[in-house]
Amino acid sequence: MVKIKFPDGAIRSYESGLTPYEIASSISSGLARSIISSDFNGQKIETTTQIFDDGNLTFYTWRDNEGKEAFWHSTAHLLAQVLEEFYDGIKLTIGPAISNGFYYDVDFGEHSMSEKDFLKIEKRMIEIAREKHEFKLRSISKKEALDFYKKNRNQYKTELIENLKDGEITFCDHDNFTDLCRGGHIPHTGLIKAVKLMSVAGAYWRADQNNTQLTRVYGISFPKQKELTEYLNLLEEAKKRDHRKLGKELELFTFSSKVGQGLPLWLPKGAELRERLESFLKKAQKKAGYKQVISPHIGNKELYTTSGHYQKYGESSFQPISTPADGEEFLLKPMNCPHHCEMYNSKQWSYKELPVRYAEFGTVYRYEQSGELHGLTRVRGFTQDDAHIFCTEDQLNEEFKNVIDLVLYVFGSLGFENFTAQVSLRDKENKEKYIGTDSSWIEAEKAIINATKEKGLNYNIEYGEAAFYGPKLDFMVKDALGREWQLGTIQVDYNLPERFDLNYVDKNNELMRPVMIHRAPFGSLERFIAILIEHTAGNFPLWLTTNQVTLIPVGEKHKKYSEKVLELLENNEIRATVDDRNETVGKKNT
Ligand SMILES: [Zn+2]
Ligand SMILES: [Zn+2]
1363 MVKIKFPDGA IRSYESGLTP YEIASSISSG LARSIISSDF NGQKIETTTQ IFDDGNLTFY
1423 TWRDNEGKEA FWHSTAHLLA QVLEEFYDGI KLTIGPAISN GFYYDVDFGE HSMSEKDFLK
1483 IEKRMIEIAR EKHEFKLRSI SKKEALDFYK KNRNQYKTEL IENLKDGEIT FCDHDNFTDL
1543 CRGGHIPHTG LIKAVKLMSV AGAYWRADQN NTQLTRVYGI SFPKQKELTE YLNLLEEAKK
1603 RDHRKLGKEL ELFTFSSKVG QGLPLWLPKG AELRERLESF LKKAQKKAGY KQVISPHIGN
1663 KELYTTSGHY QKYGESSFQP ISTPADGEEF LLKPMNCPHH CEMYNSKQWS YKELPVRYAE
1723 FGTVYRYEQS GELHGLTRVR GFTQDDAHIF CTEDQLNEEF KNVIDLVLYV FGSLGFENFT
1783 AQVSLRDKEN KEKYIGTDSS WIEAEKAIIN ATKEKGLNYN IEYGEAAFYG PKLDFMVKDA
1843 LGREWQLGTI QVDYNLPERF DLNYVDKNNE LMRPVMIHRA PFGSLERFIA ILIEHTAGNF
1903 PLWLTTNQVT LIPVGEKHKK YSEKVLELLE NNEIRATVDD RNETVGKKNT
């Protein structure tokens, strides 16, 4: 017998050698029908894998991200099978699931494929899917695996296998198709009821420009035709709401290749919108005890060597700016934190004066590959609604909760009601890639989790998602179209106070290290406004909108009175205009 623990804490005993599917069946037939993937002791396993040990078992359905991942990855196998059938001699490489669907990278050799071929491929995929072929994972020796792909002259798979350990290699079979794969499949192809290929693009093998260019085929699949239709409607709606399109129509911002890629230019209406967001947050921050500060756009290279940002961003970002002075080098500011640390260091603090909360709408610059740039969501210069809190260890939990309150206030005021919290911790297996001591990390992680719990937030923990200098709490916000965005980062940092030798005098007149919290409810104003535009389709909340009231005089003789009303509204901080065009009232109303 084996002891199986379920996510709700229940522990039950089962005969050794049962599969997740069989265990689910013993619980209820409904559950058995809906499980499409599973996890045993933190590892993906097939629903058909036999379990011989005690451990934790989680079932996933289509509703879970893990379930979708298995569903889409399995569909990638189906796609690969059909591509091999239609295009003789092509070489398959990798076919993972992505956040919306899957792709397969293929070396088509002498063949070429285009969007014109999508329909016949989709049709064939569904045809095979209907035959309900089981996905079967089997172990294979390294030699046999290499022989299989050498026979096909597939140098890509061969290279992948070369890097795997003998004894840890598996193949997945379904129907007459075999693929190198480490697993994570749905039980059988019959669950795939709707498939849509989305696009083809070029992609380099292993994302290296020196390698062969492959063809990446993107697709998505669903367990019901209706869900595919809904998804396609959603994409249509998203296109209409694209912030790049609406931003232009609403005259909010523009880009100029002369100014430079990824450097947004805010037009008057966009600048006004930004200013309103800024003053809204400034007001809330003032109430919460923050003080505004201002720091320059560049800083001495040494500042960022001290902070560790140069080591992290240096080579892959904008290069240092030299000056006529010998050896003097400056960097475009990639982060505001080092500047704020030096502000903190401008005087000797006593414990009685803490917490110190410095806030700044600070513009930072980071180099992004031109292919990665996207409207306002990926830019090379952006303004963070940044703040740094310096406090004692004892104040950490309270401060963290105050920041959570502020973030929730911001979301509420802007109509983001659907969100979850994600606690990002260290990768337990790979501790050396993080700066700071083990004990600091343990304390910081505890502080975040406790504050999140005390605020009653819905949260999940992600290992390995922390920044290099500290664990963090991110808010994952769902917009009106159900898309998820990461907003509102709060981060504990024990590392910068150490590097900048920050201190305060405690009760016993001894020098102590403060703890630092980084936080940004919007994240960056650029990205936040992009999300806000797409969430509201450009119909901003009344308090943010440029023109709150339009006065429409019915006739010439009402014009004077409407101007009086306009003045009254303006005196009361209400943004209004008079529409005195020589048009009918009906026309003016639009
Ligand atoms: Zn697979
Ligand atoms: Zn910071």
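Every number in my numbering is 1362 more than the matching position in the sequence shown, counting from 1. Glycine included, C-beta positions come from ideal geometry on N, C-alpha and C.
Per-residue DSSP class, three states only, for residue i
i	result
Ile1452	coil
Val1785	strand
Thr1540	strand
Ser1561	strand
Val1769	helix
Ser1375	strand
Glu1805	helix
Thr1814	helix
Asn1662	strand
Thr1551	helix
Asp1401	strand
Glu1779	coil
Ile1823	strand
Tyr1672	helix
His1701	helix
Lys1513	helix
Ala1687	coil
His1473	coil
Ile1304	With the chain represented from 1363 up to 1952, any question about residue 1304 goes unanswered, as that position is not in the structure.
Gly1634	According to the sequence as given, residue 1634 is Glu; it is not Gly. Reduced to three states, the DSSP call for Glu1634 is helix.
Check whether residue i and residue j have beta carbons under 8 Å apart
i	j	result
Leu1849	Gly1900	no
Glu1493	Thr1551	yes
Met1697	Tyr1720	no
Ile1766	Lys1817	yes
Glu1807	Leu1776	no
Thr1409	Tyr1376	no
Leu1559	Phe1680	no
Ile1456	Phe1497	no
Leu1508	Leu1887	no
Lys1601	Glu1613	no
Gly1661	His1702	no
Gly1564	Thr1577	yes
Val1364	Asp1401	no
Tyr1825	Lys1790	yes
Leu1590	Cys1534	no
Thr1437	Gly1581	yes
Val1579	Val1557	no
Leu1694	His1659	yes
Asp1942	His1897	no
Val1940	Glu1929	no
Contact set for residue i: own chain, Cβ-Cβ below 8 Å, skip 5 residues either direction
i	result
Ile1452	Leu1445, Glu1446, Val1468, Asp1469, Phe1470, Gly1471 and His1473
Lys1512	Thr1520
Phe1830	Gly1670, Lys1674, Lys1795, Tyr1796 and Ile1797
Glu1599	Leu1843
Own chain residues within Cβ distance below 6 Å of residue i, not counting five before or after
i	result
Glu1932	none
Leu1553	Pro1585
Asn1857	Ile1797, Gly1798 and Tyr1831
Gln1654	Ala1721
Pro1717	Ile1751, Cys1753, Gln1757 and Glu1761
Residues near residue i by beta carbon distance below 7 Å, same chain, minus five either side
i	result
Asn1812	Asn1759
Ala1809	Leu1758, Asn1759, Phe1762 and Val1854
Val1555	Per the sequence presented here, residue 1555 reads as Lys, with Val not at that position. Here the set comprises Phe1584, Pro1585, Lys1586 and Gln1587.
Ala1313	In the structure displayed, the chain extends from 1363 to 1952; residue 1313 sits before or after that span and is not available.
Arg1606	Gly1737
Ser1361	Lying outside 1363 to 1952, the shown extent of the chain, residue 1361 is not represented and no answer is given.
Asn1707	Phe1862 and Leu1864
Query raised in the report: Does the count of Cβ pairs from the region 1413 to 1431 and the region 1443 to 1454 closer than 8 Å reach three?
Result: Too few Cβ pairs lie closer than 8 Å, so no.
Report task. Answer yes if the region 1747 to 1764 comes into contact with the region 1694 to 1712, meaning at least three C-beta pairs across the two stretches below 8 Å, and no otherwise. Result -> A contact exists between the region 1694 to 1712 and the region 1747 to 1764.
Report task. Flag this pair as touching only if the region 1772 to 1780 and the region 1792 to 1812 have three or more C-beta atom pairs under 8 Å; answer yes or no. Result -> no
Query raised in the report: Per the contact definition of three or more C-beta pairs closer than 8 Å, is the region 1416 to 1425 in contact with the region 1536 to 1546?
Result: no
Query raised in the report: Okay, do the region 1781 to 1792 and the region 1835 to 1855 touch, 3+ Cβ pairs below 8 Å being the bar?
Result: yes
Query raised in the report: Can you find at least 3 beta carbon pairs, one from the region 1639 to 1652 and one from the region 1662 to 1670, that sit closer than 8 Å?
Result: no
Query - Contact shell at 5 Å, judged by CB to any heavy atom of ligand 2, ordered along the chain - result: Cys1699 and His1880
Report task. Evaluate the contact criterion for the region 1936 to 1952 versus the region 1897 to 1914: three or more CB pairs, one atom per stretch, below 8 Å. Result -> yes
Query raised in the report: Counting pairs of beta carbons, one from the region 1866 to 1873 and one from the region 1887 to 1896, are three or more of them closer than 8 Å?
Result: no
**Report entry** Environment of ligand 1 in chain order, Cβ to heavy atom below 7 Å
**Finding:** His1435, Ser1436, His1439, Cys1534, Asp1541, Cys1543, Gly1545, Gly1546 and His1547
Query raised in the report: Are there three or more Cβ pairs, one per stretch, closer than 8 Å when the region 1618 to 1629 is compared with the region 1732 to 1740?
Result: yes
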